[in-house]
Amino acid sequence: MVSATARRGTVVGAVLLSLLAVPAHAAAPSDSTPATGEAALPKPDLDGLRADLRTARRQGAPGAAVRIDAQGSTFRTATGVADRATGRALGNADRFRIGSVTKIFTATVLLQLADEKKLRLDAPVNRYLPGLLPDDRITVRHVLSHRSGLYDYTNDMFARTVPGFEAVRDKVFTYRQLVDRSLRRPRTSSPGAVYSYSNTNFVVAGMLVEKLTGHSVRTEYQDRIIEPLKLSDTFYAHPSTRIPGRHARGYLTPDQAGAPLVDATRQTASWAQSAGAIVSTTRDLNTFLRALLGGRLTSAAQLAQMRRWVPAGANQAYGLGLRRRDLSCGVSVYGHTGAVQGYYTYAFASKNGGRSLAAFVNTSNNGTVHATMLGALDSAFCGKRAKAPRGRTALVERHEDIAPGIARN
C-alpha cells in the first residue's frame with residue numbers, strides 16, 4: 051500500500067495493508083476490456099503458478115500461496131513457511147493481512163449506501179463531513195478513484211521503512227489525525243484532474259461510512275459483506291495487534307540489502323484502517339470477488355459505476371476502489387493488490403467473476419518478489435506463456451499501491 055525505497059536496483063513494493071449463478075451485467079461504457087467470455091479463458095498454467103511461487107521464495111519470501119476458483123473447481127498450492135521460528139509450513143488456510151484489498155470492501159459499502167440513496171457519488175465530501183476537506187470540489191467519486199489530489203500521509207510516515215513501521219506499530223490513530231497529516235502538505239493536483247494513489251482517500255471513505263451509517267466500519271463490513279457471504283476467516287483487525295487463529299507471520303524486508311527480515315505480524319494497522327486493516331484468507335477473498343463481480347453485492351448500476359475507469363499506469367486502470375489489469379494475452383482482470391508490513395496480497399477475477407485468483411506472500415518491501423507475483427496473474431488467466439528471454443527480468447511497477455512520492459530508484 052505505501053512506502054518504498056530502493057533495494058538491489060529494483061523499486062520496492064509497498065510497505066505499509068461456489069456462489070449462486072447470476073446474470074452477468076454489462077460493463078460501463080468506458081470499459082475497454084476485450085469481450086472475452088468466461089468460458090473462453092485459457093486453462094490456467096498450474097506448473098507456471100508453482101514455478102512463480104518457488105521463484106518468489108528464492109527472491110526472499112519465506113512462503114507463498116495461491117488459490118484459483120473457476121466453474122466449480124479449485125486449485126490450491128503453497129510453498130515455504132508460515133513461521134520462520136517454528137518452520138511450520140504455509141498453507142491456503144492461513145489468515146493474513148490483505149492491505150489495500152481492504153479498499154474494495156470499503157468502496158462496496160459506499161456503493162451499497164448509494165443504492166440506498168444515502169449517498170451521491172458526485173456530491174462533495176464536505177456535504178456529508180462538513181469542514182473536513184479544504185476544497186468543496188472534492189467529491190465522493192474523486193476519493194474512491196484516487197483523483198482527489200489529497201496527499202498520501204504515508205509518504206512521510208514510511209519514508210524510512212523499518213523505523214517508520216516501528217514508530218507506528220503500537221499506535222492507535224483517529225481518522226481525523228490521519229487526514230490532518232495529509233492536509234499539512236500541499237495537494238498533488240486539482241480535484242478530478244488525474245489519478246494519484248493515496249491512502250488518505252480511503253481514510254476519508256471510512257469516515258463517510260461511519261458518518262452515514264452511525265456504525266463502525268467493522269460493523270458495516272460484518273453486516274453487509276462478511277456475514278452474508280459467510281466469510282468465516284475475514285475480519286477487521288484494528289486496533290488489536292494480534293491475528294487470531296491459524297495465520298502466517300509477516301516479515302518486513304529492511305531497506306538495507308542483506309539485513310535480516312523483521313517480524314511485523316504484531317501491529318495495530320491503525321495507520322491504515324479502512325484503507326488496509328482487514329485480515330482474510332485466499333478462499334474468502336475469492337468468494338468475495340466472485341460475489342462482487344457477479345452482481346450479488348450491489349445493483350448493476352453501482353457495479354457499472356465501480357467499473358468507470360481512469361488511466362492508472364501501464365496496462366492498468368482504476369475505477370471506484372477496483373483496479374483493472376490488462377494482461378499479456380489481452381485478458382483483463384479486476385481486483386486489487388495489497389501490501390501491509392510483512393505481506394503482499396493479490397486478489398483478481400475475470401470480468402464477471404467466473405475465475406478468481408487470490409495469492410499472498412509473507413513478506414513486503416521487496417520489489418522483485420512483487421513483480422514475480424504479478425506474473426502469477428498471467429499464469430492463472432493466460433495459460434501457458436512464452437518464457438522471458440534469458441537475462442531479462444520483469445519490470446517492477448512504480449505506481450500501483452505505492453504512493454508515488456515514495457517510489458523511487
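Be aware that the sequence shown starts at 51, since it is given in my numbering, and climbs by one per residue. For every residue, glycine included, the Cβ atom is placed at its ideal position computed from N, Cα and C. Please read these numbers as outputs of a predicted model, since none were measured by experiment.
Check	Outcome
Every unbroken alpha helix (DSSP H) inside the segment 259-313 [4 residues or more]	267-271
Where PRO94 sits in the DSSP three-state scheme	coil
Whether PRO236 touches ARG197 by CB criterion (8 Å)	no
Cβ pair count under 8 Å reaching 3, the segment 411-430 against the segment 114-124	yes
Secondary structure of THR418, DSSP reduced to three states	helix
The segment 422-437 contacting the segment 94-108, beta-carbon criterion three pairs below 8 Å	yes
Three CB pairs or more closer than 8 Å across the segment 125-142 and the segment 284-292	no
Same chain, Cβ closer than 7 Å to ARG268, neighbours up to 5 away in sequence not counted	TYR286
Inter-stretch contact (C-beta, 8 Å, three-pair minimum) for the segment 352-368 and the segment 312-319	no
Residue range of the unbroken alpha helix (DSSP H) whose run includes SER232	225-233
Reduced DSSP secondary structure (H/G/I, E/B, other) of ASP102	helix
DSSP beta-bridge partners of PHE252	The partner list for PHE252 (beta bridge, DSSP) is empty, contrary to what the question assumes.
Same chain only: Cβ atoms within 6 Å of GLN352, ignoring 5 sequence neighbours per side	LEU161, ALA164 and ASP165
Continuous alpha helix (DSSP H) assignments of at least 4 residues falling wholly in the segment 107-182	152-165 and 175-178
Buried or exposed (CB count within 10 angstroms, at least 16 for buried), LYS153	buried
Backbone CA spacing between PRO213 and ALA243 [nearest angstrom]	34 Å
Residue burial classification, GLY43 (beta-carbon count within 10 angstroms, cutoff 16)	Since the displayed the chain opens at 51 and closes at 459, residue 43 lies outside it and no answer follows.
Helix, strand or coil at ARG373 [DSSP, three-state]	strand
Same chain, Cβ closer than 7 Å to ASP334, five either side skipped, listed in chain order	LEU281, ASP283 and THR284
Spatial distance of LEU339 from TYR396 (CA atoms)	12 Å
DSSP three-state assignment for ALA367, whether helix, strand or coil	strand
Check whether SER248 and TYR178 have beta carbons under 8 Å apart	no
Opposing strand residues paired with ARG405 [DSSP bridges]	ALA120
Rounded C-alpha distance that separates ALA120 from LEU194	29 Å
THR315 - DSSP class collapsed to helix/strand/coil	coil
Three-state secondary structure (DSSP) of PHE410	strand
Environment of LYS167 [buried if 16+ CB atoms lie within 10 Å]	exposed
Option in MET257, ALA209, VAL312 and GLN109 with minimal Cα separation from THR418	GLN109
Three-state secondary structure (DSSP) of GLY385	strand
C-alpha gap between ALA471 and THR303, whole angstroms	Outside the shown range of the chain (51 to 459) lies residue 471, about which nothing can therefore be said.
Rounded C-alpha distance that separates ALA128 from ALA399	19 Å
Residue environment, LYS93, which counts as buried when at least 16 other CB atoms sit within 10 Å	exposed
Beta bridge counterpart(s) of THR189 as assigned by DSSP	PRO174
Neighbour-count burial assignment, GLY308, 16 or more Cβ in a 10 Å radius	exposed
Within 8 Å, strictly: CB atoms of SER378 and LYS401	no
Cβ neighbours of ARG126 in the same chain (closer than 6 Å, five flanking residues each side left out)	ARG117 and ASN142
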